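Visitor: Sharing a structure, written as structure tokens. Questions coming.
Protein chains: 2
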Amino acid sequence: MLREDVTEAIRAATFQELAAVGYGRLSIEAVARRAGVGKTAVYRRWKSKLPMVIDAVSEIARMGMPVPDTGSLTGDLRLLLGFLNWALRHKLASQIIPDLLAEAARNPEIAATLATALREAQRGISAVVLKHARERGELAGDLDADAALDLVIGPLYWRVAVVRTPLPEGHLDRLASASAAALAALSGGPPPSD
Amino acid sequence: MLREDVTEAIRAATFQELAAVGYGRLSIEAVARRAGVGKTAVYRRWKSKLPMVIDAVSEIARMGMPVPDTGSLTGDLRLLLGFLNWALRHKLASQIIPDLLAEAARNPEIAATLATALREAQRGISAVVLKHARERGELAGDLDADAALDLVIGPLYWRVAVVRTPLPEGHLDRLASASAAALAALSGGPPPSD
DNA sequence: CCACGACGATACGGTTGCGTTCCGACGTGG
DNA sequence: CCACGTCGGAACGCAACCGTATCGTCGTGG
């Protein structure tokens, strides 16, 4: 009974509004205005702005990250970093993600949504990549998966979404091999002797 | 002529309000209310909320990060990470910093303030630590200082300020040695052979 | 062909914050 | 002792947004 094209227009407007003013300042009036619909259409779908935003985010978060399998840990990491860089550089995402992550510190529902939408997917991929590396003998077995994820994602997120400085040529390649070395050191240090 | 205790009360209230509702929702009325002063006292000092926030942030950002010199790269990194962890875990800072960093993507003045307040200090310390490590022969000479900073700060910031998961016992120690390995790999890879 | 329901538009009263103005109280310096 | 400027408090008109209600329109299913 609800028209899907209207729903989609509202979702798109929600993203643009989130990027423009952030969750804190986001107003349903502005979303409806931008979507070219009446406020009625919005309130008919969601009770307030929180479920509206959560729905929009959940919708987009089904974009699956590809699971890399290049044959080497450094190569897998390079693909992951490339994808992450591509996603974070998209204009809307680079504004919205840090904003929602900051808001998640105040809002448990947003935190839960982002946790399932972003981090669970990351975790699954990370587990596969690490398992392959272990099978190849590139890593020892006793690796903390969370810490490994920090070491791979942290530097690029910090650079792209926080510092927002352009990446020099070849940066992702160097980052991938540096992260591989960090993982090796973390896993007990078989290849690098320290 | 302006009473300094009032100014300080407003600054403190600004931080608490920033942590509670974020920059987007921060209102001068709420700050004055929380500080127990009249709106007059605020407008007498700053023209609007942007200069008020910038002044408060600039004020607090004079907290110098200590320059570590433990005799080893891993030890220096461990001290840096310990300080960063301590700062980021403070209740107000952990809410305010991600919020302002997200807002900085929209607001050049906030971006500039944070850049000088946070990143210039980091950069100076990073330069000293890397110089020491080079003199000790722990790193090769051709190291990109920005990339090095990403590798050290990124994982911890991601974990503490974004994921917000408790750090297990010994995590900072492992992170410090893993980061040292990453820096070695990045600098051309003399100690770890790759 | 008709009833139903979603649609955009408009208006409503209520709340919040803006930035300004005026007030009486206080305290400090001349 | 008096003038000045800051203080907290209150009120102002204005704007934005809330959530709800009420229109007439339009497309679809019965």
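Here the protein sequences line up with chains D and Y, keeping their order.
If you're matching positions, the first sequence starts at 45 in the numbering used here and goes up one per residue.
If you're matching positions, the second sequence starts at 45 in the numbering used here and goes up one per residue.
We put the CB at the ideal spot given by N, CA and C, even for glycine.
All values derive from a computational prediction rather than experimental measurement.
1. For arginine 208 (chain Y), which three-state DSSP category applies?
2. Less than 7 angstroms between the C-beta atoms of alanine 100 (chain Y) and arginine 150 (chain Y), yes or no?
3. Measuring straight from C-alpha to C-alpha, what distance separates alanine 229 (chain Y) and aspartate 120 (chain Y)?
4. Does lysine 91 (chain Y) come out as helix, strand or coil in the three-state DSSP assignment?
5. Indicate whether arginine 203 (chain Y) and aspartate 194 (chain D) have their beta-carbon atoms separated by less than 7 angstroms.
6. Between the segment 94–127 of chain Y and chain D, which residues of the former have CB atoms less than 8 angstroms from a CB of the latter, in chain order?
7. Please list, in chain order, all residues of the same chain as arginine 78 (chain Y) whose beta carbon is under 8 angstroms from its beta carbon, the five residues on each side excluded.
8. In chain order, what residues of the same chain have a beta carbon less than 6 angstroms from the beta carbon of alanine 155 (chain Y), not counting five sequence neighbours either side?
9. Classify aspartate 238 (chain D) as buried or exposed, calling it buried when 16 or more other Cβ atoms lie within 10 Å of its own Cβ.
10. Return the residue from the list Y:Pro152, Y:Arg218, Y:Pro212, Y:Tyr201 that minimises the CA-CA distance to leucine 132 (chain Y).
11. Decide if methionine 261 (chain Y) is buried, meaning its Cβ has at least 16 other Cβ atoms within 10 Å, or exposed.
12. Distance cutoff 7 angstroms, beta carbons only. Does aspartate 217 (chain D) sit that close to anything in chain Y?
13. Have a look at Y:Ala224, Y:Thr209, Y:Ala53, Y:Thr51 and flag the residue whose alpha-carbon is nearest the alpha-carbon of valine 173 (chain Y).
14. With a 10 Å radius around its C-beta and 16 neighbouring C-beta atoms as the bar for buried, classify arginine 88 (chain D) as buried or exposed.
15. Does glycine 214 (chain Y) have its Cβ less than 7 angstroms from a Cβ in chain D?
16. Would you call the segment 159–173 of chain Y and the segment 209–222 of chain Y touching, i.e. three or more CB-CB distances under 8 angstroms?
17. Check glycine 21 (chain D) in the structure and name its three-state DSSP category.
18. Leaving out five residues on either side along the sequence, give the residues of the same chain with a beta carbon under 6 angstroms from the beta carbon of arginine 122 (chain D).
19. Taking Cβ to Cβ, would you say phenylalanine 127 (chain D) is nearer than 7 angstroms to methionine 109 (chain D)?
20. I'd like to know if glutamine 166 (chain D) contacts chain Y, where contact means its C-beta is closer than 7 angstroms to some C-beta of that chain.
21. Any beta-carbon of chain D closer than 7 angstroms to the one on aspartate 143 (chain Y)?
Guide: Walking through what the data contain:
1. coil
2. no
3. Just so you know, the alpha carbons of alanine 229 (chain Y) and aspartate 120 (chain Y) end up roughly 17 angstroms apart.
4. coil
5. yes
6. Under the 8 angstroms Cβ criterion, the segment 94–127 of chain Y contributes no residue.
7. So the list reads Ala57, Gln60, Glu61, once near-sequence residues are dropped.
8. Ala148
9. In this prediction, aspartate 238 (chain D) scores a pLDDT of 36, lower than 50, which makes its location untrustworthy; the coordinate-derived value is nonetheless stated afterwards. It is exposed - the Cβ of aspartate 238 (chain D) has fewer than 16 other Cβ atoms within 10 Å.
10. Y:Tyr201
11. Summary: the structure shown does not reach residue 261 (chain Y), with chain Y confined to residues 45 through 238, and so no result is reported for it.
12. no
13. The candidate whose alpha carbon is nearest that of valine 173 (chain Y) is Y:Ala224.
14. The Cβ neighbour count for arginine 88 (chain D), taken over all protein chains shown within 10 Å, is under 16; the residue is labelled exposed.
15. No, its Cβ sits nowhere closer than 7 angstroms to a Cβ of chain D.
16. no
17. Here chain D has residues from 45 to 238 only, and residue 21 (chain D) is not among them.
18. Ala220
19. yes
20. no
21. yes
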